[in-house]
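Worksheet: one structure, shown below.
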Amino acid sequence: MALASGVRFAARALLRPWALLRGTTLGRTEPAAGGGGDGARRFGSQRVLVEPDAASGVAVMKLRNPPVNALSLELLTELVISLEKLENDKTFRGVILTSDCPRVFCAGLDLTEICGRNPAHCAEYWKAMQELWLRTYLSSLVLVAAINGACPAGGCIIALSCDCRVLADNPKYRIGLNETLLGIIAPFWLKDTYVNTIGHRASEQALQLGSLFPPAEALQVGLVDQVVPEDQVQSTALSEMARWLAVPDHARQLTKNMMRKATADRLLRQRDADTQNFVSFVCRDSIQKSLQAYLEKLRQRKG
Ligand SMILES: CC/C=C\CCC/C=C/C(=O)SCCNC(=O)CCNC(=O)[C@H](O)C(C)(C)COP(=O)(O)OP(=O)(O)OC[C@H]1O[C@@H](n2cnc3c(N)ncnc32)[C@H](O)[C@@H]1OP(=O)(O)O
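If you're matching positions, the sequence shown starts at 740 in the numbering used here and goes up one per residue.
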């Protein structure tokens, strides 16, 4: 598909600077605990653990960037590479995306990547964020988010770009796009993803208010597909996966593309402008002050 190869090309161009991966060990393969044959070997990188099961064609991909899986440049890059690796391996048809960090699925953008950084760094960072969204949103694989922790902002976007979401029933595990509460604005492609999932009116309200929905409300508004006890998140994600994998791949993939292509194309058409917009916005003094104040509040909240 022209779009898919365009995205792949853009990803390669973006990912060529390997120096970016400070201290990563991409491609490392090691036996899973208690594992034996190929199907039980795990691979991944420092911040993304992949547990592949060749027999079922499903891999579990765990974010492990403690303490809160903030989306650092390295994590974004490693996620894209791990996903590409699975997409290129015909053994795999589905990925369950989950967190290896207790109580947090993903805290969203790593604010330290955009606070006090120069415009060039902010641009590089934002391109990596765009790339991850394009990759996940258009993935040929079935992606199921097993949301085992808090899921604000950029974390919510990762979950929304999956095909299906299972959330653990814990009132602390809230999900949503809370950007306005930080004094920032979700870009149009985050807004579009929200609208595609929960509809226009619900998005209008939730985006303006910066709502973070607890599980029952997230289910009601349609942000997640299932809410289950915490110890059943993984097994429910696997059952959901089986349901999606029961459909022939080519028909499901073409249908997914038909549903999502226009939204992704909109970003692809104006990617540079979106990057410039992000950089000029976050580099404003007033926005830097709000972000610093928010980070400070997070740090003081501790203990
Ligand atoms: C023009 C377009 C402009 C912008 C579009 C941007 C779109 C996307 C935006 C985003 O994603 S912005 C990020 C939004 N994220 C949040 O608001 C979440 C903030 N974090 C939390 O609410 C909590 O940390 C938590 C995820 C619920 C986890 O709580 P917990 O109590 O377990 O951890 P604690 O708060 O103590 O945090 C531990 C540690 O981690 C630091 N931290 C937390 N979140 C971030 C983050 N997003 N980026 C960087 N660092 C983060 C926190 O400060 C603590 O650090 P410390 O140990 O040094 O004190």
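Quick reminder that beta carbons are idealized off the backbone N, C-alpha and C, glycines included.
- Burial is judged here by how many other beta carbons sit within 10 angstroms of a residue's own beta carbon; Thr994 has fewer than 16 and is exposed.
- Assigned with DSSP and collapsed to three states, Asp964 falls in coil, not helix or strand.
- Nearest Cα to Arg1005 within the set Leu814, Thr932, Asp908 and Leu788: Thr932.
- With contact defined as three or more Cβ pairs closer than 8 angstroms, the segment 829-848 and the segment 896-912 are in contact.
- Only exposed fits Leu948, as fewer than 16 other CB atoms lie within 10 angstroms of its CB.
- Close CB contacts of Leu946 within its chain, under the 8 angstroms cut and outside five residues either way in sequence, are with Leu916, Glu918, Thr919, Ala925, Lys930 and Tyr933 (chain order).
- The segment 824-844 and the segment 796-805 touch, with three or more beta-carbon pairs separated by less than 8 angstroms.
- Inclusion of Arg904 and Ala889 in the CB contact set at 8 angstroms is not warranted, their separation being larger than that value.
- Residue environment for Asp1024: exposed (fewer than 16 other C-beta atoms within 10 angstroms of its C-beta).
- The alpha-carbon of Ser784 is positioned some 29 angstroms away from that of Val1018.
- When DSSP reads this structure, Lys801 sits in a beta bridge with Leu788 and Thr837.
- Between Asp839 and Leu788, the C-beta gap is smaller than 8 angstroms, which places the two residues in contact.
- Per the Cβ contact rule, the segment 871-887 is in contact with the segment 969-982 (3 or more Cβ pairs under 8 angstroms).
- For Val1021, the CB falls within less than 7 angstroms of some heavy atom of ligand 1.
- Annotated three-state conformation of Phe782 is strand, per DSSP.
- For Cys890, the beta-bridge partners assigned by DSSP are Ile914.
- When distances are taken from the beta-carbon of Phe927 to the heavy atoms of ligand 1, even the shortest one reaches 7 angstroms or more.
- For Pro987, the closest of Phe782, Leu812 and Gly833 by C-alpha to C-alpha distance is Gly833.
- Look at Cys903 here: in three-state DSSP terms it is strand.
- With a cutoff of 7 angstroms, Val905 does not count as near ligand 1, since its C-beta is closer than that to no heavy atom of the ligand.
- In the DSSP assignment, Ile1026 falls within the alpha helix (DSSP H) that extends over Asp1024 to Arg1040.
- Only residues of its own chain outside the window of five on either side were considered, and among them Gly888 and Ala889 have a CB closer than 6 angstroms to the CB of Tyr912, listed in chain order.
- For Asn804, the number of other beta carbons within 10 angstroms of its own is at least 16, and it is reported as buried.
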